[in-house]
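*Asks:* Starting off with a structure, shown below.
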Amino acid sequence: KTKTPTIVNKNASFCFFANVLVIIFLTIETLVGLPGSILALWIFCRRMKFWKSHVTFLFNLCLADFLLFLSVPFRIDTHFRGDDWQFGPIWCRMNLYMLSVNRSASISFMTAVAIDRYLKVVHPHHPISRLTSTQAYKLSAMIWLIVILYRIPLLTIDLLHPVGKKKMCRSFNSYEVLPPAIKMHYVAYVLEFFLPLFLLIFCSVKIACQIQRVQMEKERVQRAIRAVMVINMVFILCFMPGVITGLVGLYIGMFYPEACETYKLWINLFMVSIGFTYLNSALDPVIYFFSSSVFHDILKNSFKCKRSISEDSTL
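Okay, so the sequence shown: first residue is 1 according to the UniProt record's numbering, each after it adds one.
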């Protein structure tokens with residue numbers, strides 16, 4: 001009798017703390033990531049004259065990040081209200097659908113950039129490594145189409161869950177029987193982490209081995225390995241926490257349904273980890289900087305130009 005209120009109070013306190021952490025994460029990511037995405041889009045659209053295949057993939061990655069920030073403010077508002085959704089069931093579906101599409105698109109284009117770097121270094125004479133701009137545009141359009149279509153099941157199910165006086169808008173929730181659409185969402189969420197992770201590690205290892213084997217332009221190979229390693233770090237930092245905590249929570253819910261408090265703890269950890277998922281949109285400008293020498297040079301020259309103008313005005 002004495003233990004139950006203590007456990008409930010601890011759980012409520014941790015839930016409140018987790019909610020505050022998510023608000024802080026999402027706010028900082030939006031304040032940092034949105035200007036970064038706008039600056040990157042300006043560089044891609046206004047300053048880059050020639051687009052190679054990897055630049056096309058980077059632009060689409062930047063576009064996915066920008067579109068993500070159109071949906072995040074609604075999540076911030078919801079967490080400010082204690083996880084209480086105020087925008088109705090239809091916009092709940094649309095909001096979660098857009099977040100899922102942009103997450104999938106970000107992962108797809110990050111992987112595409114890494115594979116492109118791998119092919120340019122390890123298989124420079126392979127036809128796939130010589131994609132023209134038009135072919136890269138078509139491939140990017142196909143990636144968007146696949147991502148948009150395979151996330152459609154989220155639009156077919158009510159994702160607004162009444163909990164007491166609150167209405168929680170979540171794609172991850174406790175179900176007695178998992179609906180097929182949610183089952184597909186769970187499978188996609190896990191697979192789109194582990195399959196790209198395997199490809200990213202494979203590309204990193206192969207490029208590193210190639211440095212020892214072939215006498216190529218050292219700077220070019222080092223730039224490629226730097227780009228892939230940065231993508232690996234951003235990918236693991238942003239997406240691994242959410243997948244691991246989500247899988248542990250799902251495992252406890254399925255095989256230990258009596259462990260309610262442990263389950264709630266992991267679900268709260270999962271909600272905090274979702275904040276890391278959106279962090280990738282704030283960190284992706286680092287990928288542009290290391291993956292494209294043209295982007296790197298334009299950004300550096302822009303800052304030099306601003307600095308020299310300010311120095312002249314001071315003089």
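Positions of the beta carbon are idealized from the N, C-alpha and C atoms, including for glycine.
All values reported here derive from a predicted model rather than from experimental measurement.
What first and last residue would you give for the alpha helix (DSSP H) that runs through Cys-62?
*Replies:* Residues 53 to 80.
*Asks:* Leaving out the 5 sequence neighbours to the left and right, which residues in its chain are closer than 7 angstroms to Arg-93 when beta-carbon positions are compared?
*Replies:* Leu-154, Leu-155 and Leu-159, listed in sequence order.
*Asks:* Quick one: residues in its chain with C-beta nearer than 8 angstroms to the C-beta of Asn-19, no 5 flanking neighbours on either side, listed in chain order?
*Replies:* So the qualifying residues of the chain are His-79, Gly-82, Asp-83 and Met-271.
*Asks:* What first and last residue would you give for the beta strand (DSSP E) that runs through Cys-45?
*Replies:* Unbroken run through Cys-45: none, as it is neither H nor E.
*Asks:* Determine the extent of the beta strand (DSSP E) in which residue 339 is found, giving its start and end residues.
*Replies:* Given a span of 1 to 315 for the chain in the structure shown, any question on residue 339 remains unanswerable.
*Asks:* Using a Cβ-Cβ cutoff of less than 7 angstroms, which residues in the same chain neighbour Pro-89 once the five nearest sequence positions on both sides are dropped?
*Replies:* Within the same chain, Pro-89 has close Cβ partners Asp-158 and Leu-160.
*Asks:* Whose C-alpha, out of Tyr-186, Val-121, Trp-91 and Ile-231, is nearest the C-alpha of Leu-58?
*Replies:* Looking at the Cα atoms, Ile-231 is the closest of the given residues.
*Asks:* Work out the CA separation of Asn-301 and Arg-307 for me, nearest whole Å.
*Replies:* Confidence at Arg-307 is low in this model, with a pLDDT of 49, below 50, so its placement is unreliable and the value that follows should be read with caution. Using only the alpha carbons, I get a separation of about 10 angstroms.
*Asks:* Mind checking Glu-192: buried by the 16 CB within 10 Å criterion, or exposed?
*Replies:* Under this definition Glu-192 is a buried residue.
*Asks:* So, helix, strand or coil for Pro-162, using DSSP?
*Replies:* Residue state, collapsed to three classes: strand.
*Asks:* Should the segment 31 to 48 be called in touch with the segment 278 to 297, which here means at least 3 C-beta pairs below 8 angstroms?
*Replies:* Yes, they touch.
*Asks:* To the nearest angstrom, report how far apart Leu-70 and Ile-298 are at their CA atoms.
*Replies:* Computed Cα separation, rounded: 27 angstroms.
*Asks:* Please go through the same chain and pick out, in chain order, the residues whose beta-carbon is closer than 6 angstroms to the beta-carbon of Val-122, but skip the five residues on each side of it.
*Replies:* So the qualifying residues of the chain are Lys-206 and Gln-210.
*Asks:* What would DSSP say about Lys-183, mapped onto helix, strand or coil?
*Replies:* If DSSP states are grouped into helix, strand and coil, Lys-183 belongs with the helices.
*Asks:* Can you tell me the Cα-Cα spacing of Leu-41 and Asp-284, whole angstroms?
*Replies:* Rounded to whole angstroms, Leu-41 to Asp-284 spans 12 angstroms at the Cα level.
*Asks:* Mind checking residue 329: buried by the 16 CB within 10 Å criterion, or exposed?
*Replies:* In the structure as shown, the chain begins at 1 and stops at 315. Residue 329 is therefore absent and cannot be evaluated.
*Asks:* Excluding five sequence neighbours on each side, which residues of the same chain lie with their C-beta closer than 6 angstroms to the C-beta of Pro-241?
*Replies:* Cβ neighbours of Pro-241 beyond the five flanking positions: Ser-273 and Phe-276.
*Asks:* If you follow the alpha helix (DSSP H) that Lys-264 is part of, which residue opens it and which one closes it?
*Replies:* Run containing Lys-264: 260 to 291, per the alpha helix (DSSP H) assignment.
*Asks:* Flag this pair as yes or no: are the beta carbons of Ser-204 and His-54 separated by less than 9 angstroms?
*Replies:* Taking 9 angstroms as the Cβ cut-off, Ser-204 and His-54 do not qualify as a contacting pair.
*Asks:* To the nearest angstrom, report how far apart Asn-102 and Cys-15 are at their CA atoms.
*Replies:* Their backbone Cα atoms lie some 27 angstroms apart in a straight line.
*Asks:* Is it buried or exposed, Glu-258, if we count other Cβ atoms within 10 angstroms and call 16 or more buried?
*Replies:* Glu-258 is exposed by the Cβ-count criterion.
*Asks:* Would you kindly check if the distance between the Cβ of Ile-225 and the Cβ of Gly-249 is under 9 angstroms?
*Replies:* No; because the gap between Cβ atoms is not below 9 angstroms, this pair is not in contact.
*Asks:* Residues bridged to Met-254 by DSSP?
*Replies:* Partner(s): none; Met-254 has no beta bridge.
*Asks:* On the CB-based measure, 16 or more other CB atoms within 10 Å of its CB, does Pro-180 come out buried or exposed?
*Replies:* With fewer than 16 Cβ atoms within 10 Å of its Cβ, Pro-180 is classed as exposed.
*Asks:* What did DSSP end up calling Cys-15 once you bin it into helix, strand or coil?
*Replies:* Correct three-state label for Cys-15: helix.
*Asks:* Could you pull the start and end residues of the alpha helix (DSSP H) that Tyr-137 belongs to?
*Replies:* That run of the alpha helix (DSSP H) goes 133 to 150.
*Asks:* Express the C-alpha separation of Glu-29 and Leu-39 in angstroms, rounding to a whole number.
*Replies:* So the two alpha carbons sit approximately 15 angstroms from each other.
*Asks:* Whose C-alpha, out of Lys-52, Tyr-186, Phe-255 and Ile-23, is nearest the C-alpha of Gln-135?
*Replies:* Among Lys-52, Tyr-186, Phe-255 and Ile-23, the Cα nearest to that of Gln-135 belongs to Lys-52.
*Asks:* Using CA atoms only, rank isn't needed, just tell me which of Phe-235, Ala-227, Leu-269 and Met-229 is closest to Leu-247.
*Replies:* Of Phe-235, Ala-227, Leu-269 and Met-229, the residue nearest in Cα terms is Leu-269.
*Asks:* Determine the contact status of Met-110 and Leu-61, defining contact as a CB-CB distance below 9 angstroms.
*Replies:* For Met-110 and Leu-61, yes; Cβs fall inside 9 angstroms.
*Asks:* In angstroms with no decimal places, state the Cα-to-Cα distance between Val-234 and Pro-162.
*Replies:* Rounded to whole angstroms, Val-234 to Pro-162 spans 35 angstroms at the Cα level.
*Asks:* For a test of your reading of the model: does the CB of Gln-86 fall under 8 angstroms from any non-hydrogen atom of the ligand FMN? Yes or no.
*Replies:* As presented, the structure is devoid of all ligands, the ligand FMN included, so that no description of it is given.
*Asks:* Just list the residues that DSSP pairs residue 323 with in beta bridges.
*Replies:* Because the chain in this structure spans residues 1 to 315, residue 323 falls outside the shown range and cannot be described.
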